[in-house]
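S.K.: Quick one: the structure is below, questions incoming.
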DNA sequence: CTTTGGATCTTCT
DNA sequence: GAAGATCCAAAGA
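In our numbering, the protein residues as written are 1 to 185.
Structure (structure tokens):
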């Protein structure tokens, strides 16, 4: 299994967001393995990005964005859902992370269906809160190292053919930046 | 098919 | 007190 090294995340956040497309996310629950191909990402940076959680200042919630590259940033939103991010930035930037917005299920689809309470494949992991729920990612995983073989890690995947850049979803600030990336499957 | 409201945590005003 | 990197079910057209 080719786990992506920490250097992979030590680039500009937007570059890493693009590079993560087609990579494989692996979730281990005991002996069971769940995995999927990353098909949509979004970059969130620091002072140059008013839409980022790290824009105004460091809080208890976002402090991992200022922390070690390659860590997981899991946050709780709208009082109900978790979203899964990966800390990625150059040493020059104080904070940054890539939001995983969608994946294509590979292994453990039955587990995902059970976690989500739905059998509709299209509806399983096509949104940030949905994939977190399908993979059973919670605040327990806040700050874990994704470059080691542990409960969650990111591995080499497929090579994307075509990358589509769009404005980010669900934000009102900095909507002109094309920092949402997706591939066709 | 489109619109609306509820769930109810964290941060900012 | 209000808004937010969301999703879903229910109601309306």
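Note that the Cβ used here is the ideal one computed from N, Cα and C, for glycine as well.
Keeping to the same chain, check which residues put their C-beta closer than 6 Å to that of residue 1; ignore five residues upstream and five downstream.
M.R.: The beta carbon of residue 1 is closer than 6 Å to those of 155 in its chain, skipping five residues each way along the sequence.
S.K.: Touching or not, the region 26-39 and the region 125-141, by the rule of three or more beta carbon pairs under 8 Å?
M.R.: Under the Cβ criterion (8 Å, minimum of three pairs), the region 26-39 counts as touching the region 125-141.
S.K.: How big is the Cα-Cα spacing for residue 120 and residue 67?
M.R.: 37 Å
S.K.: Ignoring anything shorter than 4 residues or poking outside the region 114-179, list the alpha helix (DSSP H) runs there in chain order.
M.R.: 128-134
S.K.: Between the alpha carbons of residue 159 and residue 50, how many angstroms are there, rounded?
M.R.: 32 Å
S.K.: Is residue 169 buried or exposed, if buried means 16 or more other CB atoms sit within 10 Å of its CB?
M.R.: exposed
S.K.: Let me check understanding here. Comparing Cα to Cα, which of 174, 5, 31 and 40 lies closest to residue 17?
M.R.: 40
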